[in-house]
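These notes concern the structure reproduced below.
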Amino acid sequence: MIKGTTDIYCIFGHPVKHSKSPLMHNAVFQYLDIDACYVAFDIEPAKLDKAIESVRIMNIKGLNITVPHKEAVIPLLDTVDNNAMAIGAVNTIKNNDGKLIGYNTDYEGFISSLKNKNIAIKNRHFLILGAGGASRAIIYGLLIEGARVSIYNRTTEKAVILANSLQSFGHIDIIHNIEETKQYDIIVNTTSLGLKKEDALPIDTSLLYDKHIVYDIIYTSTPLLELAKQRGCSTIDGKDMLIWQAFYAFKIWFHIEPPLSEMIRALYLGN
Ligand code: ATR
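Going by this note's numbering, the sequence shown opens with residue 965, and the numbers climb by one from there.
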């Protein structure tokens, strides 16, 4: 029931209608009987500054930030926590009496999605495909957990820039051509390849072996994951990371852990 006292939480993105965050957070609000609701706002990039100002004016208590605003939002905030600063992207904001604090829960979400499946990270060798914003958050998380990281990107220069900017957290190998994959334990697709039916595969799947864990951060089961399964690999899709980033966002806003099972239920059942 929305009342005069109901607090607003939201997500800013462009586009944003596909977002699953309202489903997960509203389900938890209802489950825990929290007087709040969560909505999605499609914000054009040129209007992001005004939209953030409206968060202060309308006393929106907390929000998530998604593509394409995660980097651009940083200078509009009052404080940004060290992890989000190192990653250079914010996906969660808490409104502390008009002071907006930025966080990044994507990297924690990725790490927890592995730990929750009892997948060891330290000293294991990850091949990361892609060098965009999601890749940065994931690689940051992996480096602080002591993983070995190699990165391959269509545009090598972008991988080099990413590796240089995170070098204080650990070494990242730049791969120019993926010819051999036996040295890797876990292969992660962070590129957008797989979102559309006609997309090429992000890696030649004849290079996948049953020893590999293949993780695609796209929410749905992609051709990469289907083919990886056929080759005997263990696979993980992006729903896990999505749930865990929402888990940590909720924890930042309310200082309690949300019921994970309720988030999972809402995401999988769609209500
Ligand atoms: P996100 O924030 O989701 O990570 P992004 O910053 O736009 O998104 O990054 C997209 C990633 O997908 C990049 O690594 C991009 O490669 P380039 O740096 O070469 O552009 C990769 N990508 C997108 N389309 C691709 C394609 N057709 N082939 C290979 N890589 C692609």
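Glycine included, every Cβ here is placed at the ideal spot set by N, Cα and C.
Being a predicted model, the structure only gives us computed values, none of them experimental.
| query | Who are Y1067's beta bridge partners in DSSP? | reply | Stepping through the sequence shown from its first residue, residue 1067 is reached at position 103. Y1067 is bridged by DSSP to T1056.
| query | What do you reckon, is the C-beta of L1172 under 7 Å from a heavy atom of ligand 1? | reply | As a working note, residue 1172 is residue 208 in the sequence shown. Checking the Cβ of L1172 against ligand 1 gives no.
| message | Taking the beta carbon of R1238 as the centre, do at least 16 other beta carbons fall within 10 Å, making it buried, or is it exposed? | response | No information on residue 1238 is available, as it lies outside the stretch 965 to 1235 that the chain covers here.
| query | Apart from the five residues just before and just after I1150, which ones in its own chain have a Cβ nearer than 6 Å to its Cβ? | reply | Here residue 1150 refers to the residue found at position 186 of the sequence shown. Closer than 6 Å at Cβ, skipping near neighbours: F1090 and I1177.
| task | Could you tell me whether the Cβ atoms of T1154 and I1181 are closer together than 8 Å? | result | Walking along the sequence shown from the start, residue 1154 turns up at place 190. Walking along the sequence shown from the start, residue 1181 turns up at place 217. Yes, Cβ-Cβ distance for T1154 and I1181 is below 8 Å.
| For D1042 versus L1064, is the C-beta distance shorter than 8 Å? | As a first step, residue 1042 must be located in the sequence shown, where it is residue number 78. As a first step, residue 1064 must be located in the sequence shown, where it is residue number 100. Yes, they are a contact pair.
| field | Neighbourhood of H978 by C-beta, 8 Å cutoff - its chain only, sequence neighbours within 5 removed | value | For this step, residue 978 is matched to residue 14 along the sequence shown. For H978, where only same-chain residues beyond five positions count, the Cβ hits under 8 Å are D1006, I1007, E1008, P1009, V1031, P1032 and H1033.
| said: Can you look up A1111 in the DSSP assignment and give me helix, strand or coil? | reply: Numbered from its first residue, the sequence shown carries residue 1111 at position 147. Taken through DSSP and simplified to helix, strand or coil, A1111 comes out as coil.
| DSSP puts L1093 in a beta bridge; with which residues? | Counted from its first residue, the sequence shown places residue 1093 at position 129. Note: L1093 sits in a beta bridge opposite Y1116 and N1153.
| What does a CB cutoff of less than 8 Å around E1221 pick up in its chain, not counting 5 residues either side in sequence? | Taking the first residue of the sequence shown as 1, we reach residue 1221 at position 257. Contacts found: F1211, F1214 and K1215.
| query | What are the residues that DSSP puts in a beta bridge with V1178? | reply | Position 214 of the sequence shown, counting from 1, holds the residue named residue 1178. Paired residues: I1151 and T1199.
| field | Three-way DSSP call (helix, strand, coil) for Y1183 in this model | value | Residue mapping note: residue 1183 aligns to position 219 of the sequence shown, counting from 1. Coil, per DSSP.
| Among E1144, K1146, A1127 and T1145, the one whose alpha carbon lies nearest that of D1137 | Along the sequence shown, read from residue 1 onward, the residue named residue 1137 stands at position 173. Per the Cα distances, A1127.
| query | Going by other Cβ atoms of all chains shown within 10 Å of its Cβ, with 16 needed for buried, is L1188 buried or exposed? | reply | Working through the sequence shown from its first residue, we reach residue 1188 at position 224. With 16 or more other Cβ atoms within 10 Å, it is buried.
| task | Drop a sphere of 10 angstroms on the beta-carbon of N1055, count the other beta-carbons inside from all chains shown, and report buried for 16 or more, exposed for fewer. | result | Counting from 1 along the sequence shown, the entry for residue 1055 is found at position 91. So N1055 counts as buried.
| task | For L1171, collect the residues of the same chain with a Cβ closer than 7 Å to its Cβ; drop the 5 residues on either side in sequence, then sort them by chain order. | result | Along the sequence shown, one-based indexing puts residue 1171 at 207. I1142 and T1145, listed in sequence order.
| DSSP state of T1043, grouped into three classes? | To locate residue 1043, count along the sequence shown from 1; it is residue 79. Reduced to three states, the DSSP call for T1043 is strand.
| request: Please name the residue or residues paired with V1003 in a DSSP beta bridge. | output: The residue you call residue 1003 lines up with position 39 of the sequence shown. For V1003, DSSP records a beta bridge to C974.
| request: With a cut-off of 8 Å on the beta carbons, I'd call Q1209 and G1097 a contact; round off their distance for me. | output: Locating residue 1209 in the sequence shown gives position 245, where the first residue counts as 1. Locating residue 1097 in the sequence shown gives position 133, where the first residue counts as 1. Incorrect: roughly 13 Å between the Cβ atoms, too far for contact.
| request: Rank V1113, K1025 and E1121 by C-alpha distance to the C-alpha of F1133 and give the top, closest one. | output: For this step, residue 1133 is matched to residue 169 along the sequence shown. Looking from the CA of F1133, the closest CA among V1113, K1025 and E1121 belongs to V1113.
| said: Which residue wins for smallest C-alpha separation from A1053, given the options S1099, N1059 and C1197? | reply: As a working note, residue 1053 is residue 89 in the sequence shown. When C-alpha distances from A1053 are compared across S1099, N1059 and C1197, the shortest belongs to S1099.
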